[in-house]
Amino acid sequence: MSFSKPNASAATRTKNRTPNDRTPASGMCSVCVDECPGLCEIGKSAFRATENLYPQPFGTITAGADKEYPLDFSHLNIMGTTVGAVGIEADSDKAIFENVNTEARLGKDKGIKLRLPIVIPGLGSTNIAKTHWDGLAIGSAISGTGLTIGENVGGMDVNTKLENRKITHCPDIESRVKTFQEWQKDGYGVIVMQENVEDSRLGVLEYGINKLGVQAVEMKWGQGAKDIGGEVKINTLEKARLLRDRGYIVLPDPYDNNVASVFGKAFKEFERHSRVGMVNEEGFVKRVENLRKAGAKYVFLKTGAYRPADLARAVRYCSIAGVDVLTVDGAGGGTGMSPWHMMNEWGVPTLYLASLTYNYIHTLASKGQHVPDVILAGGFAFEDDIFKAMALGAPYVKAVGMARAPLCAAHVGKLVADQVNKNSIDKTIEPYGRTMDEIFVLASKAKRLFCSNGREVPPGALGVYSYYQRLSQGLQQLMCGSRKFGLKHLTRDDVVTLTREAAEVTGLKYIMDADSEIAEQILMGKERSTGKTDVKTKAKTSSKPSAKAKQKTKK
Numbered sequence: 001m002s003f004s005k006p007n008a009s010a011a012t013r014t015k016n017r018t019p020n021d022r023t024p025a026s027g028m029c030s031v032c033v034d035e036c037p038g039l040c041e042i043g044k045s046a047f048r049a050t051e052n053l054y055p056q057p058f059g060t061i062t063a064g065a066d067k068e069y070p071l072d073f074s075h076l077n078i079m080g081t082t083v084g085a086v087g088i089e090a091d092s093d094k095a096i097f098e099n100v101n102t103e104a105r106l107g108k109d110k111g112i113k114l115r116l117p118i119v120i121p122g123l124g125s126t127n128i129a130k131t132h133w134d135g136l137a138i139g140s141a142i143s144g145t146g147l148t149i150g151e152n153v154g155g156m157d158v159n160t161k162l163e164n165r166k167i168t169h170c171p172d173i174e175s176r177v178k179t180f181q182e183w184q185k186d187g188y189g190v191i192v193m194q195e196n197v198e199d200s201r202l203g204v205l206e207y208g209i210n211k212l213g214v215q216a217v218e219m220k221w222g223q224g225a226k227d228i229g230g231e232v233k234i235n236t237l238e239k240a241r242l243l244r245d246r247g248y249i250v251l252p253d254p255y256d257n258n259v260a261s262v263f264g265k266a267f268k269e270f271e272r273h274s275r276v277g278m279v280n281e282e283g284f285v286k287r288v289e290n291l292r293k294a295g296a297k298y299v300f301l302k303t304g305a306y307r308p309a310d311l312a313r314a315v316r317y318c319s320i321a322g323v324d325v326l327t328v329d330g331a332g333g334g335t336g337m338s339p340w341h342m343m344n345e346w347g348v349p350t351l352y353l354a355s356l357t358y359n360y361i362h363t364l365a366s367k368g369q370h371v372p373d374v375i376l377a378g379g380f381a382f383e384d385d386i387f388k389a390m391a392l393g394a395p396y397v398k399a400v401g402m403a404r405a406p407l408c409a410a411h412v413g414k415l416v417a418d419q420v421n422k423n424s425i426d427k428t429i430e431p432y433g434r435t436m437d438e439i440f441v442l443a444s445k446a447k448r449l450f451c452s453n454g455r456e457v458p459p460g461a462l463g464v465y466s467y468y469q470r471l472s473q474g475l476q477q478l479m480c481g482s483r484k485f486g487l488k489h490l491t492r493d494d495v496v497t498l499t500r501e502a503a504e505v506t507g508l509k510y511i512m513d514a515d516s517e518i519a520e521q522i523l524m525g526k527e528r529s530t531g532k533t534d535v536k537t538k539a540k541t542s543s544k545p546s547a548k549a550k551q552k553t554k555k
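Heads up: the sequence shown at position 309 corresponds to 309 in UniProt numbering, and the numbers run straight through without jumps.
Next up, the structure:
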């Protein structure tokens, strides 16, 4: 069987003439006829060339890979139990899901506080991120979660001011940071600023630390959606030339007179690309030291779905440099603009990468070496994803990264409000009411908790807040069923695999092997009587890596 679906996708606005009769390898129609106007990717590429590399239309969409990997998190199932409780008294009147603590702590000093273990891991200079920034920033802030200002925001702002090629003022970055800070409550949540190659040359992180009071910064090696630098589309010749002057790669060359003469006719958008980094241990450690000296309280690293050796480098270098948090983003996740085939056909998928991350981190931790807190990302959207990711990586995974999902919640919140204001409510929404207070279940609660001094929670933020509240209660329910009343109590035996192959990859128990020893003791009448005291008074803090990982360690 083929895991891929080439040559036709909603992401590239292409399709097969005969979708029920296609060649699996190429994705071409079984019979390609010369009367076809070019509905598929190949056909569209015949007249739009490189435009058809990317999901479309740019600026109003996000995209996620549609390749069906052999293994993913659906191959794991969550285990529940009928006995005891961890983190609370084993009493039916106390061990209720509302009492599950979903708060997380990150950083070497555990000073980053999250009410829910979610960090949006990097929304950069794509138009859709800017359009919905207020909703995302305010929604994250009032929810007590994390948000990352991604790459290239400073360089893309036409109003950015530079001195000696370093940023001294950037209205876009300033607005993004202050929007979050002004709505942050009781010290929960974190705003993180990220840098790539161009950002580091422009001094973006130093600007954020010194001028805006940003405490958490992140170096970016890559992401799950691609193994090249970030890219966006530019729709004016003037901005394309400005970005070229600021050191970005812009295609085609906006200073080429032949290109300029056909802009707006043959093509209407330039491509702006970022450079790939050149990683080495010495340079990495030095950069961390410089960021600390500049005043950064927390230093993060984000790496993508690169080959296992690069993940090992990330773990090792973070250990040596004393990095606070490592974000690991698996293949199959989301993007505002990445080459479509690259998204689907490169990199280590999330479940595999998460398993390797656990093995590598556990290897160093077992030797008493510093290891960073881990954020796993790559296609997560629901409470079961959070549970599985944190259990698989316990005790090292402290949060998950989500971007497409909260962005979806933000734009739906905004869209519903627009429909209410225009008195043109979609028929799928109308049964819930015709006003904001009727349609949004948590509208009145948000007003009561967060609206003061005449300010109002914007609809996009209300969408994010409502979505996060759903995730919070859903996670509480799952954890209560597993009798774990705090995130720190999650362990690797809280999840099992549904296939032997998944067990081999993850090092987790296959479902038919789970609890085999204790089940035998129970059947033999040797179970220890528990009464009202939990048999699991403490959660395990570690678990053995997979057999393959142990073999590699020995070698």
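By construction, the Cβ of each residue, glycine as well, lies at the ideal position given by its N, Cα and C atoms. Keep in mind that this is a model prediction, so the values were computed, not measured.
- Message: Looking at I193: is its Cβ nearer than 8 Å to the Cβ of V158?
- Response: Against the sequence shown, residue 193 aligns to sequence position 193. Against the sequence shown, residue 158 aligns to sequence position 158. The sequence shown places Met at residue 193, rather than the Ile named in the question. No.
- Message: For Q194, list the residues DSSP reports as bridge partners.
- Response: Taking the sequence shown and counting its residues from 1, the one referred to as residue 194 is at position 194. E218.
- Range of the contiguous beta strand (DSSP E) that encloses K398: On the sequence shown, position 398 is the one that residue 398 refers to. Per DSSP, K398 belongs to the beta strand (DSSP E) from V397 to G401.
- Task: Check whether the region 412-425 touches the region 379-396, taking contact to mean three or more Cβ pairs, one atom from each stretch, closer than 8 Å.
- Result: The region 412-425 and the region 379-396 do not touch, with fewer than 3 CB-CB distances between them shorter than 8 Å.
- Query: Can you name, in chain order, every residue of its own chain whose Cβ lies under 7 Å from the Cβ of F263, other than the five neighbours on each side?
  - Reply: The residue you call residue 263 lines up with position 263 of the sequence shown. Excluding positions up to five away in sequence, the list reads L237.
- Taking the beta strand (DSSP E) that G122 falls in, what are its first and last residues? Taking the sequence shown and counting its residues from 1, one reaches residue 122 at position 122. Per DSSP, the continuous beta strand (DSSP E) segment holding G122 begins and ends at I118 to L123.
- Item | Nearest-angstrom Cα separation, counted from P117 out to T12 | By one-based count along the sequence shown, residue 12 stands at place 12. By one-based count along the sequence shown, residue 117 stands at place 117. If I take the Cα positions, the gap works out to 33 Å.
- Message: Using 8 Å as the threshold, is the C-beta distance between G150 and I167 below it?
- Response: Here residue 150 is taken as the residue at index 150 of the sequence shown, counted from 1. Here residue 167 is taken as the residue at index 167 of the sequence shown, counted from 1. Contact flag unset, no.
- Which residue comes first and which comes last in the alpha helix (DSSP H) that contains A240? Position 240 of the sequence shown, counted from the start, is the residue given in the question as residue 240. Note, A240: alpha helix (DSSP H), L237 to D245.
- Task: Identify which residue in A137, A409 and D373 has its Cα closest to the Cα of F382.
- Result: As a first step, residue 382 must be located in the sequence shown, where it is residue number 382. Taking only the C-alpha atoms, the option nearest F382 is A409.
- Whole angstroms is fine: what's the gap from V371's alpha carbon to I361's? Reading the sequence shown from its first residue, position 371 is the one you call residue 371. Reading the sequence shown from its first residue, position 361 is the one you call residue 361. Taking the straight line from one Cα to the other gives about 6 Å.
- Under 8 Å, do L106 and D324 count as touching if we go by C-beta distance? Counting from one through the sequence shown, the residue named residue 106 turns up at place 106. Counting from one through the sequence shown, the residue named residue 324 turns up at place 324. For L106 and D324, yes; Cβs fall inside 8 Å.
- Task: Have a look at T14, E41 and Y69 and flag the residue whose alpha-carbon is nearest the alpha-carbon of M1.
- Result: By 1-based counting over the sequence shown, the position of residue 1 is 1. Taking only the C-alpha atoms, the option nearest M1 is Y69.
- Message: According to DSSP, is I112 part of a helix, a strand, or is it coil?
- Response: Translated into the one-based positions of the sequence shown, residue 112 becomes position 112. Here I112 sits in strand by DSSP.
- Query: Can you tell me whether DSSP reads K268 as helix, strand or coil?
  - Reply: Counting from one through the sequence shown, the residue named residue 268 turns up at place 268. In the structure shown, K268 sits in coil (DSSP, three-state: anything other than H, G, I, E or B).
- Item | Cβ distance (whole Å) where H75 is taken to contact A502 below 8 Å | Your numbering for residue 75 matches position 75 in the sequence shown. Your numbering for residue 502 matches position 502 in the sequence shown. Confirmed, Cβ separation roughly 4 Å.
- Query: Which whole-angstrom value is the C-beta distance of W221 and L301, which I expect to be below 8 Å?
  - Reply: By 1-based counting over the sequence shown, the position of residue 221 is 221. By 1-based counting over the sequence shown, the position of residue 301 is 301. About 7 Å separates the two Cβ atoms, so the contact holds.
- Roughly how many whole angstroms lie between the Cα atoms of K532 and Q223? Along the sequence shown, one-based indexing puts residue 532 at 532. Along the sequence shown, one-based indexing puts residue 223 at 223. Here the model assigns K532 a pLDDT of 36, short of 50, so the residue's position is not dependable and the matter cannot be decided.
- Message: Quick check on DSSP: helix, strand or coil for residue 571?
- Response: Because the chain here runs from 1 to 555, residue 571 falls outside it and cannot be looked at.
- Can you say whether T530 is buried or exposed, counting buried as having 16 or more other CB atoms within 10 angstroms of its CB? Position 530 of the sequence shown, counting from 1, holds the residue named residue 530. With a pLDDT of 49 at T530, under the threshold of 50, the modelled position of that residue is not reliable, and the figure given next carries that caveat. So T530 counts as exposed.
- Task: Could you spell out the range, first to last residue, of the beta strand (DSSP E) harbouring F300?
- Result: Taking the first residue of the sequence shown as 1, we reach residue 300 at position 300. Per DSSP, F300 belongs to the beta strand (DSSP E) from Y298 to T303.
- Would you give the residue range spanned by the alpha helix (DSSP H) that V315 belongs to? Locating residue 315 in the sequence shown gives position 315, counting from the first residue. Residues P308 to A321.
- In the structure shown, what three-state DSSP assignment does I228 receive? Here the question's residue 228 lines up with position 228 in the sequence shown. Three-state DSSP puts I228 in coil, outside helix and strand.
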